[in-house]
Structure formats: C-alpha cells, structure tokens
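Everything below concerns the one structure shown next.
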Amino acid sequence: MALIKSVPTSFGVDAAYWNILSIENNRPQRSAQVLLAGYLDDGARRADRRPLAVLAVTLAGPDYPGTAGGIAYADVYERIKQQAGSGGEPAVTLAGAVDG
C-alpha cells in the first residue's frame, strides 16, 4: 500500500510513490509522527533504491488514526489523504494523491 502523487525533488526527478517509512505513536497524547519515503515508482522501492525524498506528517487530535488495538497502515494513509484534502500539513505535496 502507498500513495501515488508526483512531487518534484531536488534531484530533478519526481518522486511519485509514497510509502510509510516509519510511524512514531504517542497514544496518551493521541499523536503519530509519520515519515513517508518518496520513490520514483514501486519498482524502485522494491529494488531497494534509496528514497528521493522524505516527508514528515503529524497526525494528531481528530486526525489521529490509533485505536485501542494499535494503528493500521491503511488508516494512516487514509488520514493523510483526508488531511491533505482539507488543507492540512501535507497539503502542498500530497493533495490529490491516490491509493497505490
């Protein structure tokens, strides 16, 4: 699972495949710090290429995707898309992203 959205990078090539690199969960504060790695495409990620870019996203308060059972990656991706669509933190780079 990933998000698909072409984003220019400092390397002169777009990162189009955004995959969760890490999630730091703070349950008591209802906050999660998510790092997304941007790759050329899914093939580059599967070939263990280095990410072209890394994006940090904070999901807190009503955007927090955690439950008593933990955090599901699918819920994190969905919240990032919702946050981007509402003008949230990653809107500049991930607005219009689709599931990949």
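1 is the number of the first residue of the sequence shown in the numbering used here; add one for each residue after it.
Just so you know, even glycine gets a beta-carbon here, dropped at the ideal spot from N, CA and C.
Where residue i falls, given that 16 or more other Cβ within 10 Å makes a residue buried
i            : result
valine 13    : exposed
proline 74   : Looking at the sequence provided, one finds alanine at residue 74 rather than proline. Alanine 74 is exposed by the Cβ-count criterion.
threonine 93 : buried
glutamine 83 : buried
glycine 61   : exposed
aspartate 97 : A quick correction: the sequence has alanine, not aspartate, at residue 97. Buried, since its Cβ has 16 or more Cβ neighbours within 10 Å.
Cβ distance (whole Å) where residue i is taken to contact residue j below 8 Å
i             : j             : result
serine 31     : tyrosine 64   : 6 Å
leucine 3     : leucine 21    : Contact flag wrong, Cβ pair sits at about 12 Å.
tyrosine 17   : arginine 45   : 6 Å
arginine 27   : glycine 69    : 11 Å between Cβ atoms; not a contact.
leucine 59    : valine 34     : 6 Å
asparagine 25 : isoleucine 71 : 6 Å
Separation of residue j from residue i, as counted between CA atoms
i            : j            : result
valine 76    : aspartate 48 : 23 Å
glutamate 78 : leucine 40   : 21 Å
proline 8    : alanine 15   : 6 Å
leucine 55   : glycine 38   : 8 Å
lysine 81    : glycine 43   : 23 Å
lysine 5     : glycine 100  : 9 Å
Tell me the start and end of each unbroken alpha helix (DSSP H) in the segment 50-90 that is at least 4 residues and wholly inside, in chain order.
Within the segment 50-90, the complete alpha helix (DSSP H) runs of at least 4 residues are 73-85.
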